[in-house]
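Data first, discussion second: the structure below is written as structure tokens.
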Amino acid sequence: HQATVLVSLKDADISVRRRALDLLFVICDTDNAERIVDELVAHLVVADASIREEMVLKIAILAEKYATDLRWYVDTILKLISISGDYVSDSIWHRVVQIVTNHPQGDLQGYAAATLFVAVSPHRCHETTVSVAAYVLGEFGFLIAERPGMSGEEQFHVLHQHWFNVDTKTRAILISTYAKLANLYEECRPLVAPIFARSKNSSDVEVQQRCAEYASMREAFSPEAVEDLLREMPPFEDKRRSALELRLLETEGEDSAAVTKASMPSEVEQQRALQSAQMLSNSPIEEEEEMPPIDEQEDEQEDAPDYEQEDEQEDEPDDEPDDEEEEFDEEEEEFDDQEESQQQAPDAGEEEPPEDEKDDVIENGSANPVVVGIPKELIPAMRKAFS
Numbered sequence: 001h002q003a004t005v006l007v008s009l010k011d012a013d014i015s016v017r018r019r020a021l022d023l024l025f026v027i028c029d030t031d032n033a034e035r036i037v038d039e040l041v042a043h044l045v046v047a048d049a050s051i052r053e054e055m056v057l058k059i060a061i062l063a064e065k066y067a068t069d070l071r072w073y074v075d076t077i078l079k080l081i082s083i084s085g086d087y088v089s090d091s092i093w094h095r096v097v098q099i100v101t102n103h104p105q106g107d108l109q110g111y112a113a114a115t116l117f118v119a120v121s122p123h124r125c126h127e128t129t130v131s132v133a134a135y136v137l138g139e140f141g142f143l144i145a146e147r148p149g150m151s152g153e154e155q156f157h158v159l160h161q162h163w164f165n166v167d168t169k170t171r172a173i174l175i176s177t178y179a180k181l182a183n184l185y186e187e188c189r190p191l192v193a194p195i196f197a198r199s200k201n202s203s204d205v206e207v208q209q210r211c212a213e214y215a216s217m218r219e220a221f222s223p224e225a226v227e228d229l230l231r232e233m234p235p236f237e238d239k240r241r242s243a244l245e246l247r248l249l250e251t252e253g254e255d256s257a258a259v260t261k262a263s264m265p266s267e268v269e270q271q272r273a274l275q276s277a278q279m280l281s282n283s284p285i286e287e288e289e290e291m292p293p294i295d296e297q298e299d300e301q302e303d304a305p306d307y308e309q310e311d312e313q314e315d316e317p318d319d320e321p322d323d324e325e326e327e328f329d330e331e332e333e334e335f336d337d338q339e340e341s342q343q344q345a346p347d348a349g350e351e352e353p354p355e356d357e358k359d360d361v362i363e364n365g366s367a368n369p370v371v372v373g374i375p376k377e378l379i380p381a382m383r384k385a386f387s
């Protein structure tokens, strides 16, 4: 009944058209996704304004969910922008940027850069196309810089022709792209510097701040630091629910069949997530090695040579003392002799001074210092230290 449902999209009753759109969204799968999406895009040209925003959102979700080739997904979003750009929200083109950034395998990034370069070449194009092209060319424009007519200077001119036709939000993206182009291509630096100088006094705070920081970056930091600051962005974090799914949840509610459909990952998405995880970890998933049977382990232990006993024999100390220990023993005996001589009674002609005089002698330091012997409990530790 797919053909019947597609015909219902042209029904005069708006409720029938909405029901047909919901049903097409639910029955879409990997086998019929391209046909359904292409039919919806073709119908978007004549669709009423009341249903266009919903159609654009659901087409974007289906194209992402069932795209076996992400180049087809990029082409589909660009068609949506060209046909109904005013209804393409920021979350839709943000999602394009995330997918292109997170999938460097293959030629997706180079294909997206070349396609968007061609899309913004005309003097008249939608502002959303300029935003997407500015970001993608700033990140991956170097992949097509060697192609004829797509050098870094050409990329700058193609983007800058739209400078006066876009708002400050898109200009902020263009400024970041200009900084990255100037960092990669020396011929772009004299073209970018006047723009930064003029825009330092912009009434928009974001544009003013970006121009001031990018203009003074090379004076404040070393060339290596500037290279690190302006290199391509790292992959985005893949969340459980994308912004498009959350938008669909807000409009239709948790109990909607379309929300349930969107929240279930397809086989294509699962394979894509696995490839991204392998790329980020740089280590392919390997099968775990099987453990040998217990009997074999015991046999190996019996056959293995007894290295532990050899190590213990090597670690046992020698019975004969070293030369350093003999010298230490002689010094120890001398200290013991001195201690015994001090403990003997004083001579008969000498009287032991009273306690008060002893204290004075100790405080004033007039008496000869007393030689103190080494405590016997410290002798083993000192012998070990010397040895």
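Counted from 1, the sequence shown has number 40 at position 40 by the numbering used here; the numbering is strictly sequential.
Idealized CB from N, CA, C, for every residue including glycine.
Check	Outcome
Take the Cβ of Ile14 as the centre, count every other Cβ of all protein chains shown within 10 Å, and call the residue buried at 16 or more, exposed below.	exposed
What separation, rounded to the nearest whole angstrom, lies between the Cα atoms of Phe25 and Gln105?	29 Å
Please list the segments of the alpha helix (DSSP H) lying wholly inside the stretch 210-275, counting only runs of 4 or more residues, in order along the chain.	223-229, 243-252 and 257-263
Taking the straight line between their C-alpha atoms, what separation do you get for Val130 and Phe164?	12 Å
Under 8 Å, do Gly152 and Glu127 count as touching if we go by C-beta distance?	no
With DSSP as the reference, label Tyr66 as helix, strand or coil.	coil
Does DSSP put Val96 in a helix, a strand or coil?	helix
Comparing alpha-carbon positions, which option in Glu34, Leu9 and Thr30 lies nearest Asp22?	Leu9
For Val388, I'd like the list of residues in its chain whose CB is within less than 8 Å of its CB, leaving aside the five on either flank, ordered along the chain.	Since the displayed the chain opens at 1 and closes at 387, residue 388 lies outside it and no answer follows.
Which residue comes first and which comes last in the alpha helix (DSSP H) that contains Ala134?	Glu127 to Phe140
Going straight from the alpha carbon of Val16 to that of Phe142, what length do you get?	48 Å
Going by C-alpha to C-alpha distance, which of Gln98, Ala67, Arg35 and Val46 sits closest to Glu267?	Ala67
Is DSSP giving Ser199 helix, strand or coil here?	helix
Leaving out the 5 sequence neighbours to the left and right, which residues in its chain are closer than 8 Å to Ile83 when beta-carbon positions are compared?	Val41, Leu44 and Val45
Give me the residue from Phe221, Ala193 and Asp75 with the minimum Cα distance to Ala112.	Asp75
Classify His162: buried if its beta carbon has 16 or more other beta carbons within 10 angstroms, exposed otherwise.	buried
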